[in-house]
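Number 83 in full-length UniProt numbering belongs to position 83 of the sequence shown; there are no gaps in the numbering.
Don't be surprised by glycine CBs; every beta carbon is placed ideally from N, CA and C.
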Amino acid sequence: MNLRLPSQQQIYDTAPRWLQRVLVNAEAVRREWFRRYGAYQQLVREHDPAWYYRSRAEQEAWQLAQLNRLLAEVRRRVPFYRPILPDRPLTGLDELTTLPMLSKEQVRRDPFALVATDLDRRTLWPRKTSGSTGTPLTFYLDREATRNHQAPADAMLAALGCRFGEPRARFSGAYVVPYTRIQPPFWIWIDLYRQLQCSAYHLAPEFYPHYLRALREHRVVYGTGYPTAWHLLAMYIREHGDQPPRLRAIVTDSEGISLEQQAVVEQAFGCPVVQTYGTGEVGQIAWQCEHRRYHVLSRAAIVEVVDETGQPVAPGETGQIVVTSFASSGTPFIRYQTGDLATLAADDCPCGRHSPSWLAIEGRIDDRIKTPDGRWVGRLSHVTKPGIGIKESQIAQVARDRIIIRVVPAPDFVPASMQAVVAAAQRYLGPTMQVEWELVERLPRTRAGKLRHVVREVPDV
Ligand SMILES: [Zn+2]
Numbered sequence: 001m002n003l004r005l006p007s008q009q010q011i012y013d014t015a016p017r018w019l020q021r022v023l024v025n026a027e028a029v030r031r032e033w034f035r036r037y038g039a040y041q042q043l044v045r046e047h048d049p050a051w052y053y054r055s056r057a058e059q060e061a062w063q064l065a066q067l068n069r070l071l072a073e074v075r076r077r078v079p080f081y082r083p084i085l086p087d088r089p090l091t092g093l094d095e096l097t098t099l100p101m102l103s104k105e106q107v108r109r110d111p112f113a114l115v116a117t118d119l120d121r122r123t124l125w126p127r128k129t130s131g132s133t134g135t136p137l138t139f140y141l142d143r144e145a146t147r148n149h150q151a152p153a154d155a156m157l158a159a160l161g162c163r164f165g166e167p168r169a170r171f172s173g174a175y176v177v178p179y180t181r182i183q184p185p186f187w188i189w190i191d192l193y194r195q196l197q198c199s200a201y202h203l204a205p206e207f208y209p210h211y212l213r214a215l216r217e218h219r220v221v222y223g224t225g226y227p228t229a230w231h232l233l234a235m236y237i238r239e240h241g242d243q244p245p246r247l248r249a250i251v252t253d254s255e256g257i258s259l260e261q262q263a264v265v266e267q268a269f270g271c272p273v274v275q276t277y278g279t280g281e282v283g284q285i286a287w288q289c290e291h292r293r294y295h296v297l298s299r300a301a302i303v304e305v306v307d308e309t310g311q312p313v314a315p316g317e318t319g320q321i322v323v324t325s326f327a328s329s330g331t332p333f334i335r336y337q338t339g340d341l342a343t344l345a346a347d348d349c350p351c352g353r354h355s356p357s358w359l360a361i362e363g364r365i366d367d368r369i370k371t372p373d374g375r376w377v378g379r380l381s382h383v384t385k386p387g388i389g390i391k392e393s394q395i396a397q398v399a400r401d402r403i404i405i406r407v408v409p410a411p412d413f414v415p416a417s418m419q420a421v422v423a424a425a426q427r428y429l430g431p432t433m434q435v436e437w438e439l440v441e442r443l444p445r446t447r448a449g450k451l452r453h454v455v456r457e458v459p460d461v
């Protein structure tokens with residue numbers, strides 16, 4: 001678990017197993033104080049997924065009223081926003097672009113500037129993101145925000161037959177056992193959530209059967225967390241015919257996998273896989289539908305996809321995801337620049353939902369490579385598509401003019417198919433970049449246990 005003080009972590013590391021479980025449950029109690037309290041089931045019902053089938057006009061009218069209520073409250077409660085926000089209601093959602101955007105840098109500089117002055121700071125949840133570029137970010141959420149992040153997610157899960165309180169397994173970077181540990185178990189049972197918390201950090205091939213056995217023994221009925229972890233287990237099941245646990249669904253978060261990898265997980269576990277998008281600051285804001293598009297949870301937030309100037313991109317184009325969360329006026333995030341990229345759908349989704357939808361999430365703005373001729377090239381991860389039998393891959397810039405595509409091979413890997421991968425990368429990066437590939441056994445994870453698809457291993461070039 002993410003224990004807050006180093007000393008707490010030391011106590012946890014040296015404690016016997018039973019005491020670790022007590023400590024983890026104590027932490028879970030603290031978290032639940034923030035998440036599910038009061039008339040919580042009523043709140044979950046307000047996020048009934050049937051809402052997304054209503055007309056776009058009806059959804060937007062509700063959002064505009066909600067937005068104006070939020071802006072008025074934030075103006076009153078947060079001094080930082082008083083001179084910034086208009087003192088009259090907006091007349092349409094398009095006027096949102098007249099408000100300034102909020103950058104991570106602004107939050108990093110002074111997180112308390114964004115907190116309502118009427119809140120007792122001791123009642124806030126200090127949250128930390130690892131920051132994929134290596135710069136961590138601390139921000140604060142009040143109870144209202146945390147609860148309002150949880151309810152839409154619980155509502156979506158329930159619609160898949162996965163209710164809170166039924167046994168589940170979660171793979172994430174949460175601290176379960178020391179990073180140096182080399183023997184199972186790499187998981188712990190959290191009684192309060194009925195959750196088998198599994199460390200994504202320790203997923204090495206020799207331990208896959210141990211993880212699968214733990215999932216079966218705890219009779220988990222759904223899975224959550226890092227999709228790359230579920231994908232590694234799926235590949236193992238496919239190769240070795242191991243028995244998967246019987247799951248109703250796997251709902252992933254925190255990172256993405258390709259649609260091909262998603263299909264592998266669905267086949268191996270024999271259940272639907274749903275990828276979601278969200279951030280710690282604003283909660284979950286988009287879920288895949290059965291047509292693999294990401295639909296914005298329009299009751300939880302207004303989400304814009306914008307170009308460098310902050311203006312909306314045209315349908316079919318890619319831009320940065322900017323979120324205005326309805327979760328709380330006490331710890332607000334208004335036009336928050338997530339740093340993540342999405343490609344807008346150009347037409348209505350065949351699933352019948354009318355909430356805005358994205359064809360894909362393209363990774364982070366920082367996941368770009370700078371070529372020797374000075375161009376920034378993003379959205380590179382799809383160059384590996386022509387490769388046959390690639391289990392996992394990572395594109396690493398190791399020098400100003402040199403790229404290595406690292407490949408973890410599956411048994412059916414076809415080395416000759418890498419020619420097409422290299423050619424695709426070369427097309428994007430131009431002739432001044434040398435592109436190579438190499439086989440590796442395992443790709444490194446970040447401290448949070450996540451896989452980064454594009455990394456720059458050179459000082460800023
Ligand atoms: Zn859809």
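- Take the alpha-carbon of R127 and the one of A423: they are about 42 Å apart.
- Going by DSSP, W125 is part of the beta strand (DSSP E) stretching over 125 to 129.
- Taking the C-beta atoms as reference points, D110 is found no nearer than 8 Å to S328.
- Per DSSP, D154 is one residue of the alpha helix (DSSP H) stretching across 143 to 159.
- Setting aside the 5 residues that flank it on each side, V455 is surrounded in the same chain by A396, each with a C-beta closer than 6 Å to its C-beta; the list follows chain order.
- With respect to R170, G225 sits close: the two C-beta atoms are nearer than 8 Å.
- Under the three-state reduction of DSSP output, Y222 falls in the strand class.
- One Cα belongs to Q20, the other to V176, and the distance between them is close to 9 Å.
- Contact between L247 and Y208 is absent: CB atoms are separated by about 16 Å, not below the 8 Å threshold.
- Its chain contains L233, A234, M235, I237, R238, P244 as the residues whose beta carbon lies nearer than 8 Å to that of A268, once the 5 sequence neighbours on both sides are disregarded; these appear in chain order.
- For the segment 242 to 290, the continuous alpha helix (DSSP H) assignments of 4+ residues that do not extend past its boundaries occur at 259 to 269, in sequence order.
- By the CB criterion at 8 Å, T279 and A286 fall outside the cutoff.
- Leaving aside the five residues that flank A360 on each side, the residues in its chain whose CB is nearer than 6 Å to its CB run, in chain order, T343.
- DSSP, read as helix, strand or coil, puts V455 in strand.
- In the DSSP assignment, K104 falls within the alpha helix (DSSP H) that extends over 104 to 109.
- A contact is defined here as three or more CB-CB pairs under 8 Å, and the segment 141 to 156 fails this definition with respect to the segment 195 to 211.
- DSSP places A399 inside the beta strand (DSSP E), whose first and last residues are 390 to 399.
- Under DSSP, the beta-bridge partners assigned to R170 are Q197, T224.
- Sixteen is the threshold: when 16 or more other Cβ atoms of the shown chains lie within 10 Å of the Cβ of G363, as they do, the residue is buried.
- The set of residues with a C-beta under 6 Å from any non-hydrogen atom of ligand 1 comprises C289, H291, R293, H295, C349, C351, R353, S357, given in chain order.
- The segment 346 to 355 and the segment 47 to 63 touch, with three or more beta-carbon pairs separated by less than 8 Å.
- N68 and P89 have their C-alpha atoms roughly 6 Å apart.
- Going by DSSP, Q42 is part of the alpha helix (DSSP H) stretching over 40 to 46.
- DSSP, read as helix, strand or coil, puts A204 in coil.
- Annotation: the segment 27 to 81 contains the following complete segments of the alpha helix (DSSP H) (minimum length 4 residues), in chain order: 40 to 46, 56 to 77.
- Relative to P167, the option among L203, L124, A214, L137 whose CA is nearest is A214.
- A straight-line Cα-Cα distance of about 38 Å links V435 and G283.
- V107 sits away from P332, with the two beta carbons spaced by 8 Å or more.
- A direct Cα-Cα distance of roughly 15 Å separates Q66 from R56.
- In this structure, the beta-carbon distance from C162 to A249 falls below 8 Å.
- H354 carries a coil assignment under DSSP once its states are collapsed to helix, strand and coil.
- Counting C-beta atoms within 10 angstroms of its own C-beta, K385 has fewer than 16 neighbours from the protein chains shown and is therefore classed as exposed.
- For a cut-off of 8 Å, the C-beta gap from V377 to K391 is around 25 Å, too long to register as a contact.
- Going by DSSP, V421 is part of the alpha helix (DSSP H) stretching over 418 to 429.
- Counting C-beta atoms within 10 angstroms of its own C-beta, L259 has fewer than 16 neighbours from the protein chains shown and is therefore classed as exposed.
- Counted as a single uninterrupted DSSP element, the stretch harbouring L90 is not any beta strand (DSSP E), since DSSP gives it neither H nor E.
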